Amino acid sequence: MRSTAIVCAAVAAVSNVDAFSNSVYSKSKSAFTSLTMLPKSKMTSTDPKFFPFEESSTALNKSPNKEATDGSAGVRQLLGVKGASGETDIWKIRLQLTKPVTWIPLVWGVMCGAAASGNYHWIWNPFDPNDRDVMLGLTDSAKGLVAMILAGPFLTGYTQTINDWYDREIDAINEPYRPIPSGAISEGEVIAQIWVLLLGGLGIAYGLDLWAGHEFPSVLLLSIFGSFISYIYSAPPLKLKQNGWAGNYALGASYISLPWWCGQAVFGTLDKPVYWILPVLYSIAGLGIAIVNDFKSIEGDREMGLESLPVAFGIDGAKYICAGSVTFTQLGVAAYLYAIGEPTYALILLGLILPQIYFQATLLLPDPVANDVKYQASAQPFLVFGILATALCVGHHDFSA
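Using this note's numbering, the first residue of the sequence shown is number 83, and each one after it goes up by one.
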């Protein structure tokens, strides 16, 4: 790669994200869509584990949403985060279901994959006079834009919507103002959105394979795999999110490994073990980040019988698992970069790890429940830039030497 920074292809899958929940459905055929994937008709109120949309007042009366008073309520609604304003426009509600704020890590992941490919071209590279082919740069930029649309609005949007669908019970406890438990959007509209985003995303993925000249449709297959992981993360009977270890690792891998691999597949190849191992290692750090998202949901998770790591190990145990997985994984990657003869990148990565340790000591470990958002906002930028630094190192390194 010619000293590049990036863009490219992607996958959705389980996302931050808070993205991945339980519900018991009727076994009758009428309870499912024509493809028997998504239950459509409502269950009766006699089922103690089902939360009827219209008949229960719990979702509407418990922990109501408090709109932000700083003028950001409308933006929060569009981004799908707390403090959102109430909304009746169906398209804004549809956008809210896809949680646009969660698209960013996937887009970043595919950027890192493009960087690791060593084959992304700028429109006009100010650092490399040999990388100034305007048409080639425009072509790569266009591929990157399409890949971002795949990664964000379509497949991450699919992941978030299907997660909210299967999370409607637990959202009635933790976030009862969300569109589905509050009744702001109908079941049929939600199911239609899931299918449009999934099939549209897979179509874009196949188009990227054709555009890249792939004989083997690697982007499509990675997208199918990521979408499948998203489904089994949220949906019974497997419902990976019920297990803290499996669910959180699936989340971390979906945010880091899968988009990295897709980005690299669009602009390069995946023909060396290191291309697979480094993203997998970073996914362990992603597991730690996923734990942070579970602290705020511990009450609802415990009530619903979900074995998140804060429920299984307690808040004190989970916070150390979180800090350890994030820190030691990155230290291991830095050691690897040093071992292959890239001390500069190793030192850069170490410099990005130290602030994360500081924020763990001052925010995460003292009170992970109260400081979860502040810790993520403070520490995660250093983590994601560390991932990019690693990807750039891989793209620049001569593995044949």
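In this text, a Cβ means the ideal position worked out from N, Cα and C, and glycines have one as well.
Note that the structure is a prediction, hence the values are computed from the model and not measured.
message: What would DSSP say about Glu257, mapped onto helix, strand or coil?
response: coil
Extent of the continuous alpha helix (DSSP H) run through Ile430: Pro425 to Phe441
message: Just verifying my parser: in three-state terms, what is the DSSP assignment at Glu389?
response: strand
field: Distance between Ala421 and Val301 (C-alpha atoms, nearest Å)
entry: 31 Å
- prompt: Between the C-alpha atoms of Phe410 and Pro448, what's the straight-line distance to the nearest angstrom?
  reply: 20 Å
- request: Assign Asn325 to one of three DSSP states: helix, strand, or coil.
  value: strand
message: Out of His203, Pro208 and Thr238, which one is the CA nearest neighbour of Phe310?
response: Thr238
- prompt: Beta-carbon separation of Ala294 and Val216 under 7 Å?
  reply: no
message: Looking only at its chain, what residues have a beta carbon closer than 6 Å to the beta carbon of Trp247, apart from the 5 residues adjacent to it on each side?
response: Val272
field: Residue range of the alpha helix (DSSP H) that includes Tyr313
entry: Ser300 to Ser316
query: If you draw a straight line from the C-alpha of Glu389 to the C-alpha of Gln324, how long is it?
result: 5 Å
task: Could you pull the start and end residues of the alpha helix (DSSP H) that Gly368 belongs to?
output: Pro355 to Phe377
- prompt: Between Gly191 and Pro319, which are expected to be in contact by the criterion C-beta below 8 Å, what is the C-beta distance as a whole number of angstroms?
  reply: Contact flag wrong, Cβ pair sits at about 29 Å.
Nearest-angstrom Cα separation, counted from Pro208 out to Thr184: 32 Å
query: Taking buried to mean at least 16 other C-beta atoms within 10 Å of its own C-beta, is Leu279 buried or exposed?
result: buried
field: CB of Gly477 within 7 Å of CB of Ala197, strictly
entry: yes
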